[in-house]
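Position 245, counted from 1, in the sequence shown is what our numbering calls 254; the numbers after and before it change by one each time, with no gaps.
We put the CB at the ideal spot given by N, CA and C, even for glycine.
Keep in mind that this is a model prediction, so the values were computed, not measured.
Just below is one structure, and these are the notes that go with it.
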Amino acid sequence: GLFQGSGKSKWQRIEVTQREFDALEYLIARDKIGMGMLEPFVHDRWIEDISCSGLGPIFIEHKVFKSMRSALEFVDYDNLDEFVLRLSESIQRPVTLRNPIVDATLADGSRINIVYGREVSQRGSNFTIRKFPGTPLSILELIGFGSLNYQMAAYISLILEAGMNVFICGETASGKTTLINAVTTFVPPDAKIVSIEDTPEVMVPHPNWIREVSRTPLKTGDGPGVSMLDLLKAALRQRPNLIIIGEIRGEEGAIAFQAMQTGHAVMATFHAASVEKLIQRLTGNPIYVPKTYIENLNVAIIQSLVKLPDGSTGRRAISISEIVAYDPPSDTFSFVEVFRWNQVTDVFEFPGDKNSFLLEERIAATKGFPPAKRQGIYAVLEKRAKVLRKLQEKGVSGYYELLRVLSRAQQEGIF
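Set out below in structure tokens:
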């Protein structure tokens, strides 16, 4: 039953049905512990994004039905501001008129951005929640979605096993972090990995994993913040086998290339839609990587949200390129496109077959191939692709399940 005040000091019992009690219990938990009316969206595994643009409806991004307008909406500025304020307080990052913008991470790893008040957002306060699955998608699940193929996955496995430097590039919501999480299963299981991020999104299954996150002061007097640059400098003293940088945006990029120069393997995401744009941004303001350092980056994977031949949208690794060299006299960079996506047929092509600089010049020797027989490395790639296909056919596609199988296969020399 439920008790309610009655009279001056007496309490009166009000009888309710079990259904009414359960409904009240749900609403209290939803509003006081959960995220209010957003709670059903937060727990729906088919929903990727939840966004409110101000007064009006809440929109969701569905994995199958894409962008959808929900039945929930805000019709009053005060109610919207109150909801956003309560939302920010629940994540212990309260917004104010003085500090109206908050970027934070929810307990489940989802990313939330809040902008508070009509002074900075004329349609009213707004928020966006980008959900991330508790268990990352595996490389075989991405292959099942058509994001890449078995040969591409096998190629990436050889590159990461050899300690090459890899950037996964693309625009917002192109699937960069999803891909970086998936390919970490190819990193040798005994590797020491340090990840550095502004918002914790990278998931690494290895036991020897140091996860570091930058910190901004919540308010004046909290002491200095800790930047990605600070964390990267510290990581170089921790002797990692691989440094993963959530996203390179500023001067930490130059330090990352210095790390490559001194023999540290680096994998990172970067906001660029092509290899040309990648090099242009790396060598320009505010990163300023010396052009002669660019060739330390071995592989650039371009990930994109694309229109498919049937009219639907999907995420594809549209290009994998090897950075070969910089030529100072002509001020040009040479690179080899090893894989590319054909938009007309939705098929991945392999122009790097028998034409890969890294496979032949850098990796073949580590696999025991003499110079005259270095093209034997392509048979190794095809063997790995076949192993991945067999695992997919046998239903071994879960993230941690695949990691266990690949770790054992690496130890036995099968993969």
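Asked, Found
"Short Cβ contact (9 Å threshold) for residue 100 with residue 114", "yes"
"Unbroken beta strand (DSSP E) run spanning residue 75, endpoints", "75 to 83"
"Residue 329, DSSP secondary structure in three states", "strand"
"From 423, 380, 379, residue whose alpha carbon lies closest to that of residue 400", "423"
"Residue environment, residue 268, which counts as buried when at least 16 other CB atoms sit within 10 Å", "buried"
"First through last residue of the beta strand (DSSP E) which encompasses residue 65", "65 to 71"
"Spatial distance of residue 185 from residue 68 (CA atoms)", "23 Å"
"Residue 269 (DSSP reduced to helix, strand or coil)", "helix"
"C-alpha distance - residue 440 paired with residue 141, whole-angstrom precision", "Because the chain here runs from 10 to 424, residue 440 falls outside it and cannot be looked at."
"CB-CB length for residue 163 against residue 368, believed under 8 Å", "Rounded, the Cβ-Cβ distance is 11 Å, inconsistent with contact."
"Touch test, the stretch 186 to 195 against the stretch 142 to 151, Cβ-Cβ under 8 Å, three pairs minimum", "yes"
"Segments of 3+ residues assigned as beta strand (DSSP E) that fall wholly inside the stretch 144 to 202", "175 to 179"
"Neighbour-count burial assignment, residue 273, 16 or more Cβ in a 10 Å radius", "buried"
"Span of the alpha helix (DSSP H) around residue 420", "408 to 420"
"Nearest candidate by alpha-carbon position, reference residue 287, set 237, 107, 217, 179", "179"
"CA-to-CA distance, residue 282 to residue 136, given in whole angstroms", "26 Å"
"Minimum C-alpha distance to residue 181 - residue among 280, 214, 90", "280"
"Sequence-distant residues of the same chain with beta carbon closer than 7 Å to residue 119, five excluded per side", "138, 139, 140, 141"
"Continuous beta strand (DSSP E) stretch holding residue 113: start and end", "110 to 114"
"Which of helix, strand or coil DSSP assigns to residue 336", "strand"
"Distance, residue 362 Cα to residue 381 Cα", "17 Å"
"Residue 35 burial status per 10 Å Cβ neighbour count (16 or more: buried)", "exposed"
"Distance, residue 276 Cα to residue 209 Cα", "15 Å"
"Close beta carbons around residue 197, own chain, < 6 Å, minus the five adjacent residues each side", "none"
"Backbone CA spacing between residue 43 and residue 98 [nearest angstrom]", "12 Å"
"Residue 351 in three-state terms, based on DSSP", "strand"
"Residue 470 versus 207, 159, 327, residue with shortest Cα-Cα distance", "In the structure as shown, the chain begins at 10 and stops at 424. Residue 470 is therefore absent and cannot be evaluated."
"Residue 131 (DSSP reduced to helix, strand or coil)", "coil"
"Cross-strand partners of residue 341 (DSSP beta bridge)", "336"
"Rounded distance between the beta-carbons of residue 39 and residue 48, thought under 8 Å", "5 Å"
"Per-residue DSSP class, three states only, for residue 364", "coil"
"Alpha helix (DSSP H) segment containing residue 88, residue limits", "86 to 99"
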